[in-house]
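Colleague:
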Amino acid sequence: MIIQDIKELEEKSIYIIREATNNFKNVAALWSMGKDSTSMLMLARKAFLGKVPFPVIHIDNGIDFPETYKFRDELAKKWNLDLIVAKSEIKPEMSGFACCGANKTVALKKLMKERGFDALIVSIRRDEHGIRAKERYVSPRTKEFKWNYKNQPAEVWGNYLSELGKGGHVRVHPLLDWNEIDIWNYTKREKIPMNPLYFSRNGHRYRSLGCTHCTVPIKSNAKSIDDIIKELEITQVEERAGREQDKEKSYVMEKLRALGYM
Amino acid sequence: MIIRRVTLLGHKDHGKSTLIGNLSILTGSVTEARINDAKKTSEKLGLKFEPGFILDSFYEEREEGMTIDTTRAQVKYGEDAFEFIDVPGHEELTKNMISGASYADAALLMVSTKEDEGIKTQTKRHLFIAKMLGIERVVVAINKMDLAQYKKEKFNEIKDELSEYLTNIGFNEKNIAFVPISAYTGEGLTKNSANMPWYKDGSLIEMLVKFSGKKKAPSDELVVLLQGELGSDKKILTGKVLSGSLYVSSKVKILPSNEELSIKQIVVRGKNVKKAVKDENIALSIESEVSGKIRGSVLLDKDSNKKISREIQTTIFFLRNMNGRVSILINGSRINCKSIQINKVIDIKTGKEVRGSNIKPLGAAKALIKLENKIFMERFDSVPELGRFAIYDNDKFSGIGIVEVVK
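As you go down the protein sequences, you meet chains A and B in turn. Counting from 1, one number per residue, gives the positions in the first sequence under the working numbering. Counting from 263, one number per residue, gives the positions in the second sequence under the working numbering.
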């Protein structure tokens, strides 16, 4: 895994986050309490003199890990976040595509409509998945949340203007250039608080965090950030190997994303 | 690690995605999991293993064997790291090609030796666009040498024709290299092939190390592009240093409003600093509010004689005919055009300027653009960020341009 220049990555992300708040009237960010969206909040604090200037949304299906809820409440208080919890209802038999595709997206759609957000900051990275690698920094979604990936807008030289369709919104992706290992190097350098589930207990850790139904831990003895960085330098496993929704069948990520999933 | 950003160029089916897929595998830059995924997809489609599937991830891309949108792949080679930007070769997808290639600082052109492939207009168009985008160095991979029986003559034939074209459109001969390869068999990618003993220069990746890397800043005169105010506080501005350095003690003025500013504090990446340099994003606390609009304004040295203008001499590339309200987008600001007057048309096939006043879709021209309002622009070769723009027809992306003279 390639380690990039953090300073350069930080500068680009700060620029994009500021562009979002300048170009759009009503910006919000998704916060899953995972490593990426938490790092994004750190970048937003740097961009805006210590305070995240937009609301952060947790789409809560009620089945996240207890550690995740605890982490959320503690950091929201510490960083004085404007936290919105969007509840989605989950049935016991739901998992994978039905859960992430329909359930979570429905809750987000409802919230977006109520609050009138026109831009949503989403902390996806190119190296997570081949489909995410195809994204623009600023990417429009239709009113129905559809991603028209076969005809994405031009994005030349970092001119991040995006046409907003009627009733649609844009997704802003300030972390697109970051690699998984860069996030951990940044977490270490900035001492960003992290969900304890990322660190090994009884020979297992979560490398990518979702909800309790769909996420499985990987075998790992990485108990510290340094251990994680060492592990990532040599791994032959994909980051999202523990995420059920990615592998039900092929192209499920493409279908999920076309429907509005992150 | 410094990443060398290299865009792929070339006509569709000349092997761009296959090359990057195979380079990723040969350099150990991709996980086994992703290789297996590409293998499975190849089998499912009844194909031999297609390394291009490591990059082409859309269902439609794999089913139709064609890249639709740009993607990136990072490749590690010794102490060097590359980010290859794969782009679609198809003419109709030139918009996506431009989007991807605009982030590169060097180019890798693929040309197939196959009888019905060879040098196409789209091959040349990609090179022309790359030059406009500011790319100065090109490595040409002459691909599918295995299908040309590894013949030196075939390699030279393509090399000679392209050398001439590249110099016609303004590339320096010293900045061009030609390498014979087979993207599919992997020959010539990371080491020279025994089948081509007549080729003495380095392997493709070795040549790419020589022909890529960051360019030096062309100017050191202070220019800061302002993005806006920080929230509702009109005494804190945000922006990015595009050239030169800004100090707390700097005497600066803001254009277009032409007011002098006193700086109280500069914040970079969350910390107070005395000095901000090129490419850093700043938050700037100032003594008193500025009267004009901040977004799109610039900060310059107080004594700078740079001016705002509404007329620019440009080279433009059009994707399509335009019939609506035409505007340019420069660093997030849209400015309406009063007129675009074509002075000369550029023939993409030869790279030469010819007389004429009409350009066809996917064509280029020298043009004088008059804007509705005065704005601050720079020559592309001086401060690139302020000398390049996207062209819009109503809300439709329709082309790109670079500034050669600010009138």
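C-beta: ideal position from N, C-alpha, C; glycine also.
#1: Which of helix, strand or coil does DSSP assign to PHE199(A)?
#2: Figure out for me which residue from LYS462(B), THR385(B) and GLU415(B) has the closest Cα to the Cα of THR612(B).
#3: Taking the alpha-carbon of ARG243(A) as reference, which of ASP177(A), PRO217(A), MET262(A) and ALA222(A) has the nearest alpha-carbon?
#4: State yes or no: is the C-beta of LEU111(A) within less than 7 Å of the C-beta of ALA86(A)?
#5: Would you say SER319(B) lies against chain A (beta-carbon separation less than 7 Å)?
#6: Just the C-alpha distance for VAL292(B) and GLU231(A), rounded to the nearest angstrom, thanks.
#7: How big is the Cα-Cα spacing for ILE106(A) and LYS496(B)?
#8: I believe ALA652(B) touches ILE637(B) by the beta-carbon criterion, under 8 Å. Please report the beta-carbon distance rounded to the nearest angstrom.
#9: With 16 as the cutoff for other CB atoms within 10 Å, does PHE659(B) come out buried or exposed?
#10: ILE592(B) and LEU648(B) look like a contact to me (Cβ under 8 Å); what is the Cβ gap, rounded to whole Å?
#11: State the CB to CB distance for the pair VAL485(B) and ILE574(B), rounded to an integer number of angstroms; the pair is presumed to be in contact (CB under 8 Å).
#12: To the nearest angstrom, report how far apart LYS614(B) and GLY432(B) are at their CA atoms.
#13: So, helix, strand or coil for PRO459(B), using DSSP?
#14: For GLN489(B), which of helix, strand or coil comes out of DSSP?
#15: Please tell me whether GLU551(B) has its Cβ less than 7 Å away from any Cβ of chain A.
#16: Report yes or no: is there a C-beta of chain A within less than 7 Å of the C-beta of MET263(B)?
#17: According to DSSP, simplified to helix, strand and coil, what is GLY362(B)?
#18: By alpha-carbon positions, which one of GLU239(A), ASN195(A), GLU254(A) and ASN151(A) ends up nearest to GLU74(A)?
#19: Would a check of beta-carbon distances place SER361(B) closer than 7 Å to chain A?
#20: Of the residues that make up the region 318-352 of chain B, which ones have a beta carbon closer than 7 Å to any beta carbon in chain A?
#21: What is the residue span of the alpha helix (DSSP H) that LYS472(B) lies within?
#22: Beta-carbon separation of VAL400(B) and PHE440(B) under 7 Å?
#23: Report buried or exposed for VAL268(B), applying the criterion of at least 16 other Cβ atoms within 10 angstroms of its Cβ.
#24: DSSP on VAL645(B), reduced to helix/strand/coil?
#25: Just to confirm, is the Cβ distance from PRO140(A) to GLY168(A) under 7 Å?
#26: So, with DSSP's three-state summary, where would you put ARG240(A)?
#27: Less than 8 Å between the CB atoms is what I'm expecting for ILE225(A) and THR38(A), so what's the real figure, rounded?
#28: Answer with yes or no whether the minimum CB distance from GLY130(A) to chain B is below 7 Å.
#29: My output table needs one value for TYR69(A): the three-state DSSP class, helix, strand or coil.
#30: Applying the 10 Å Cβ sphere with the 16-neighbour rule, what's the burial state of THR429(B)?
#31: Which residue comes first and which comes last in the alpha helix (DSSP H) that contains SER13(A)?
#32: Quick one: complete alpha helix (DSSP H) runs, 4+ long, within the region 25-84 of chain A?
#33: Where does TYR261(A) fall in DSSP's three states?
#34: Quick check on the DSSP output: the alpha helix (DSSP H) that includes GLY308(B) runs from which residue to which?
#35: Would you check if the distance between the CB atom of ILE347(B) and the CB atom of LEU317(B) is smaller than 7 Å?
#36: Quick one: grab the DSSP three-state call for GLN152(A).
Modeller: Put simply:
#1: coil
#2: THR385(B)
#3: PRO217(A)
#4: yes
#5: yes
#6: 15 Å
#7: Sequence check: residue 106(A) is Val here, not Ile. Near 38 Å, if we compare the C-alpha coordinates of LYS496(B) and VAL106(A).
#8: The Cβ separation is near 15 Å, so there is no contact.
#9: buried
#10: 7 Å
#11: The Cβ separation is near 16 Å, so there is no contact.
#12: 10 Å
#13: coil
#14: strand
#15: no
#16: yes
#17: helix
#18: ASN195(A)
#19: yes
#20: SER319, PHE320, TYR321, GLU322, ILE330, ASP331, THR333, ARG334, GLN336, LYS338 and ALA343
#21: 466-472
#22: no
#23: buried
#24: coil
#25: yes
#26: helix
#27: That belief does not hold up - the Cβ atoms of ILE225(A) and THR38(A) are roughly 13 Å apart, past 8 Å.
#28: yes
#29: helix
#30: exposed
#31: 6-23
#32: 35-47 and 66-78
#33: coil
#34: Careful: GLY308(B) lies outside any alpha helix (DSSP H) and carries neither H nor E.
#35: no
#36: coil
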